[in-house]
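S.K.: Listed in order, the protein sequences are those of chains A and B. In this text, residue positions in the first sequence follow the numbering used here: the first is 12, and each later residue adds one. In this text, residue positions in the second sequence follow the numbering used here: the first is 12, and each later residue adds one.
Protein chains: 2
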Amino acid sequence: MLSKSRVKYIQSLYHKKLRDEEGCFVVEGPKITEEFLLHAPDAILSLYAVKSWLNDNEALIKRVDSSGVFLIEEGDLKKISSRSTPNQVLAIVKKREERHEVPAPPGIFLMLDSIQDPGNFGTIVRIADWFGISSILCSKSCADLYNPKVVQSTMGSLLRVDVVYTELTDWCKQNTGIAIYAATLHGKPVYECSPVQNGALLMGNESKGIQPELLRFCKEQLTIPRKGKAESLNAAVATGILLSHLVKQG
Amino acid sequence: MLSKSRVKYIQSLYHKKLRDEEGCFVVEGPKITEEFLLHAPDAILSLYAVKSWLNDNEALIKRVDSSGVFLIEEGDLKKISSRSTPNQVLAIVKKREERHEVPAPPGIFLMLDSIQDPGNFGTIVRIADWFGISSILCSKSCADLYNPKVVQSTMGSLLRVDVVYTELTDWCKQNTGIAIYAATLHGKPVYECSPVQNGALLMGNESKGIQPELLRFCKEQLTIPRKGKAESLNAAVATGILLSHLVKQG
């Protein structure tokens with residue numbers, strides 16, 4: 012049985028402030044925990060799982076120090092999980108070292124201005140990973156990468172994509188040589204845009220879009236032409252569509 | 012105050028069986044309720060809202076019969092809502108008449124084989140609406156269109172897109188003239204595909220993909236080329252990307 016203080020400690024990691032202080036976060040469920048065991052076993056500080064999962068994953072578990080592996084009951088898992096239906100296993104994982112710079116060209120990277128929905132944010136990290144984009148530059152108003160719903164939506168891609176939080180306006184002032192393409196509702200149809208070798212795609216907030224001050228730094232505004240009547244597209248879907256057109260022959 | 016039987020009735024509509032029997036479903040929150048008030052006021056059977064929302068929407072509310080509009084307290088809203096944080100207003104809406112046929116060409120429509128996540132399913136309806144696609148043909152194993160999370164993710168687009176549930180394999184046997192493009196992981200790069208004037212885009216289940224029996228009926232398999240390491244893309248994101256390339260000059 013888990014001690015009360017351990018339960019309390021794990022629950023505390025569902026708050027950003029405590030995650031920042033402790034430098035670690037929670038990963039839940041078999042799929043993503045297995046990703047971490049495979050690709051970043053050294054980052055796993057401790058692992059809590061029910062018996063059936065431990066039996067099924069003997070080989071994988073050998074990748075981490077056995078003193079950090081705990082067999083627990085469903086009842087305890089429920090106490091430490093953020094989900095209404097917990098799923099077999101949960102791990103405490105060390106954050107990667109924070110990066111403060113974005114790699115120089117060549118290549119495309121993403122800029123996110125206030126993407127606040129955790130599901131959207133995590134899905135965008137996964138999209139970046141699919142298209143081989145290694146860096147995302149975020150405004151500080153974006154969701155926290157280590158929020159449990161973000162972690163879940165990345166499906167493990169947060170292992171491979173650098174996410175850097177910064178003041179976007181200041182950053183743009185200091186990096187005027189970067190070609191920034193902004194996603195807006197009234198730009199040039201993305202279908203007419205040539206593939207981009209170097210530059211950034213900037214996506215804005217789910218309801219307010221990109222802050223006007225940032226638009227000043229953009230080389231071009233791009234739009235996904237609408238043929239029907241939906242008011243907008245989901246932010247992650249729009250990111251995927253725009254990226255696919257920008258990288259297609261790159 | 013709402014009667015116990017009324018509360019119980021509304022709660023029952025969170026179950027598909029009861030929605031099917033009653034022919035109605037629940038819509039929650041200002042944005043989507045306002046969409047229904049604007050575009051389908053006749054479908055609204057009753058509306059439950061807190062005072063501030065009623066005060067702010069006097070003109071809109073006039074579009075429905077006043078005998079169906081109820082001023083309620085936050086406490087009652089919490090009882091009838093499916094959300095942990097209810098949002099001002101909730102309406103009971105009559106389902107549209109079920110359609111059993113898909114319109115003939117010209118145009119593109121969507122086919123969904125077992126899209127089970129409600130958020131993905133609703134987001135795909137919204138994407139269809141953006142690209143002017145009026146019909147979606149679904150396997151019976153797809154999520155229910157009137158599930159509260161699906162309704163929410165459509166952002167009102169379920170008002171404009173016909174969603175038809177059918178046995179996809181039987182349907183394909185009877186409609187061999189339709190050019191079906193299947194989304195798979197090992198098909199032709201979608202970037203090389205010419206825009207499609209008539210036909211269907213077929214998307215498969217989030218983890219299992221398209222059932223092999225259905226693939227036999229497809230004209231071509233299409234893939235979004237991967238440059239990075241993510242195992243897959245979210246199903247709604249992939250739908251958006253593929254559609255954008257198929258319709259781009261159509």
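Using N, Cα and C, we set each Cβ at its ideal position, and we do this for glycine too.
Looking only at DSSP bridge pairs, what is M12 (chain B) linked to?
M.R.: Position 1 of the second sequence, counted from the start, is the residue given in the question as residue 12 (chain B). The partner list for M12 (chain B) (beta bridge, DSSP) is empty, contrary to what the question assumes.
S.K.: Pull out every residue of the region 234 to 250 of chain A whose Cβ sits closer than 9 angstroms to any Cβ of chain B, in chain order.
M.R.: Correct list: I235, P236, R237, K238, G239, K240, A241, E242, S243, L244, N245, A247, V248, A249, T250.
S.K.: Per the DSSP calculation, Q232 (chain B) is bridged to which residue(s)?
M.R.: Taking the first residue of the second sequence as position 1, residue 232 (chain B) is located at position 221. For Q232 (chain B), which the question treats as bridged, DSSP gives the partners B:A193.
S.K.: Should T165 (chain B) be labelled buried (16 or more other beta-carbon atoms within 10 Å of its own) or exposed?
M.R.: Residue numbering aside, residue 165 (chain B) sits at position 154 when the second sequence is read from its first letter. T165 (chain B) comes out buried.
S.K.: Here's the rule I'm using: 16 or more other beta-carbon atoms within 10 Å means buried, otherwise exposed. How should E262 (chain A) be labelled?
M.R.: Residue 262 (chain A) is absent from the model: chain A starts at 12 and stops at 261.
S.K.: Which residues of chain A have a Cβ atom closer than 8 angstroms to the Cβ of V100 (chain B), listed in chain order?
M.R.: On the second sequence, position 89 is the one that residue 100 (chain B) refers to. Those within 8 angstroms of V100 (chain B) in chain A number zero; the least Cβ separation is about 18 angstroms.
S.K.: Answer yes if the region 17 to 30 of chain B comes into contact with the region 63 to 73 of chain B, meaning at least three C-beta pairs across the two stretches below 8 angstroms, and no otherwise.
M.R.: Counting Cβ pairs under 8 angstroms, fewer than three are found: no touch.
S.K.: Would you report the Cα separation of V175 (chain B) and F142 (chain B), rounded to the nearest angstrom?
M.R.: As a position in the second sequence, residue 175 (chain B) is number 164, starting the count at 1. As a position in the second sequence, residue 142 (chain B) is number 131, starting the count at 1. Rounded to the nearest angstrom, the two C-alpha atoms are 18 angstroms apart.
S.K.: Could you check the C-alpha separation between D53 (chain A) and V75 (chain A) for me, to the nearest Å?
M.R.: Against the first sequence, residue 53 (chain A) aligns to sequence position 42. Against the first sequence, residue 75 (chain A) aligns to sequence position 64. D53 (chain A) and V75 (chain A): Cα-Cα distance of roughly 7 angstroms.
S.K.: Buried or exposed for P117 (chain B), going by 16 or more other Cβ atoms inside 10 Å?
M.R.: Working through the second sequence from its first residue, we reach residue 117 (chain B) at position 106. Label assigned to P117 (chain B): exposed.
S.K.: So A70 (chain B) is in the beta strand (DSSP E); what residue range does that whole segment cover?
M.R.: The residue you call residue 70 (chain B) lines up with position 59 of the second sequence. Segment 69 to 72 is the alpha helix (DSSP H) holding A70 (chain B); no beta strand (DSSP E) there.
S.K.: Assign G118 (chain B) to one of three DSSP states: helix, strand, or coil.
M.R.: Start at 1 with the first residue of the second sequence, and residue 118 (chain B) comes out as number 107. In this structure, G118 (chain B) counts as strand in the three-state DSSP scheme.
S.K.: With K105 (chain B) and G167 (chain B) assumed to form a contact (beta carbons below 8 angstroms), what rounded beta-carbon distance in angstroms separates them?
M.R.: Your numbering for residue 105 (chain B) matches position 94 in the second sequence. Your numbering for residue 167 (chain B) matches position 156 in the second sequence. Wrong, their Cβ atoms sit about 16 angstroms apart, outside the cutoff.
S.K.: Can you look up N245 (chain A) in the DSSP assignment and give me helix, strand or coil?
M.R.: Sequence index remark: in the first sequence, residue 245 (chain A) carries index 234 (1-based). Residue state, collapsed to three classes: coil.
S.K.: Does the distance from the CB of A247 (chain A) to the CB of T134 (chain A) come in under 7 angstroms?
M.R.: Taking the first residue of the first sequence as position 1, residue 247 (chain A) is located at position 236. Taking the first residue of the first sequence as position 1, residue 134 (chain A) is located at position 123. Against a cut-off of 7 angstroms, the Cβ pair of T134 (chain A) and A247 (chain A) comes out as a contact.
S.K.: Taking all protein chains shown into account, do 16 or more other C-beta atoms lie within 10 angstroms of the C-beta of H256 (chain B), making it buried, or fewer, making it exposed?
M.R.: The sequence position of residue 256 (chain B) within the second sequence is 245, counting from 1. Buried, because 16 or more other Cβ atoms sit within 10 Å of the Cβ of H256 (chain B).
S.K.: Pair every Cβ in the region 217 to 236 of chain B with every Cβ in the region 192 to 208 of chain B, then say whether three or more of these pairs are closer than 8 angstroms.
M.R.: The answer is yes - the region 192 to 208 of chain B touches the region 217 to 236 of chain B, with three or more Cβ pairs under 8 angstroms.
S.K.: Alpha carbon to alpha carbon, what distance is there between V258 (chain A) and A139 (chain A)?
M.R.: Reading the first sequence from its first residue, position 128 is the one you call residue 139 (chain A). Reading the first sequence from its first residue, position 247 is the one you call residue 258 (chain A). Approximately 11 angstroms, taken between the alpha carbons.
S.K.: Give me the DSSP bridge partner(s) of E39 (chain A).
M.R.: Locating residue 39 (chain A) in the first sequence gives position 28, counting from the first residue. For E39 (chain A), which the question treats as bridged, DSSP gives the partners A:L101.
S.K.: Rounded to whole angstroms, what's the CA-CA distance from I103 (chain A) to A60 (chain A)? Just pull it up for me.
M.R.: Indexing the first sequence from 1 puts residue 103 (chain A) at position 92. Indexing the first sequence from 1 puts residue 60 (chain A) at position 49. Taking the straight line from one Cα to the other gives about 12 angstroms.
S.K.: Among residues of its own chain, excluding the 5 on either side of L244 (chain A), which ones have a beta-carbon nearer than 7 angstroms to its beta-carbon?
M.R.: Here residue 244 (chain A) is taken as the residue at index 233 of the first sequence, counted from 1. So the qualifying residues of the chain are I235.
S.K.: Does the region 118 to 137 of chain B come close enough to the region 152 to 160 of chain B that 3 or more CB-CB pairs lie under 8 angstroms?
M.R.: They touch, by the three-pair rule.
S.K.: Is S57 (chain A) helix, strand or coil by DSSP?
M.R.: Counting from 1 along the first sequence, the entry for residue 57 (chain A) is found at position 46. Note: S57 (chain A) maps to strand in three-state DSSP.
S.K.: So the candidates are B:A194, B:L169, B:P159, B:E224; which of them puts its Cα closest to the Cα of W182 (chain B)?
M.R.: Within the second sequence, residue 182 (chain B) is the residue found at index 171, counting from 1. Of the listed residues, the one whose Cα sits closest to W182 (chain B) is B:E224.
S.K.: Please list, in chain order, all residues of the same chain as A190 (chain A) whose beta carbon is under 6 angstroms from its beta carbon, the five residues on each side excluded.
M.R.: As a working note, residue 190 (chain A) is residue 179 in the first sequence. Excluding residues within five positions, the ones whose Cβ falls inside 6 angstroms are G210, K230.
S.K.: Hey, how far is the Cα of V172 (chain B) from the Cα of G239 (chain A)?
M.R.: Counting from 1 along the second sequence, the entry for residue 172 (chain B) is found at position 161. Counting from 1 along the first sequence, the entry for residue 239 (chain A) is found at position 228. V172 (chain B) and G239 (chain A): Cα-Cα distance of roughly 10 angstroms.
S.K.: Quick one: is I55 (chain A) near chain B, going by C-beta distance under 7 angstroms?
M.R.: One-based indexing of the first sequence puts residue 55 (chain A) at position 44. No, I55 (chain A) lies away from the interface with chain B (no Cβ there is under 7 angstroms from its Cβ).
S.K.: When the cut-off is 7 angstroms and only beta carbons count, does S255 (chain A) lie next to chain B?
M.R.: Here residue 255 (chain A) refers to the residue found at position 244 of the first sequence. Closer than 7 angstroms to some Cβ of chain B, the Cβ of S255 (chain A) qualifies, so yes.
S.K.: Indicate whether at least one CB of chain B lies closer than 7 angstroms to the CB of K105 (chain A).
M.R.: Position 94 of the first sequence, counted from the first residue, corresponds to residue 105 (chain A). Output row for K105 (chain A): interface = no.
S.K.: Do M214 (chain A) and L123 (chain A) have their beta-carbon atoms positioned less than 7 angstroms apart in this structure?
M.R.: For the purposes of this step, residue 123 (chain A) is taken as residue 112 along the first sequence, with counting starting at 1. For the purposes of this step, residue 214 (chain A) is taken as residue 203 along the first sequence, with counting starting at 1. Contact flag set, yes.
S.K.: What is the rounded straight-line gap between the Cα of A193 (chain A) and the Cα of V136 (chain A)?
M.R.: Mapped onto the first sequence, residue 193 (chain A) falls at position 182. Mapped onto the first sequence, residue 136 (chain A) falls at position 125. About 18 angstroms.
S.K.: Would you call T44 (chain A) buried or exposed, if buried means 16 or more other Cβ atoms sit within 10 Å of its Cβ?
M.R.: Within the first sequence, residue 44 (chain A) is the residue found at index 33, counting from 1. T44 (chain A) is buried by the Cβ-count criterion.
S.K.: Is there at least one Cβ from chain A nearer than 7 angstroms to Y157 (chain B)'s Cβ?
M.R.: Numbered from 1 along the second sequence, position 146 holds the residue referred to as residue 157 (chain B). By this cut-off, Y157 (chain B) is not an interface position.
S.K.: Excluding the 5 residues preceding and the 5 following L169 (chain A) in the sequence, name in chain order all residues of the same chain whose CB lies nearer than 7 angstroms to its CB.
M.R.: The residue labelled residue 169 (chain A) in the question sits at position 158 within the first sequence. For L169 (chain A), where only same-chain residues beyond five positions count, the Cβ hits under 7 angstroms are V136, L156, V162.
S.K.: Using the rule of at least 16 other Cβ atoms within 10 Å of the residue's Cβ for burial, across every protein chain shown, is T250 (chain A) buried or exposed?
M.R.: Against the first sequence, residue 250 (chain A) aligns to sequence position 239. T250 (chain A) is buried by the Cβ-count criterion.
S.K.: Might you give, ordered along the chain, the residues of its own chain that have their beta carbon closer than 8 angstroms to the beta carbon of K313 (chain B), omitting 5 neighbours on each side?
M.R.: It is not possible to answer for residue 313 (chain B), since the shown part of chain B is limited to 12 through 261.
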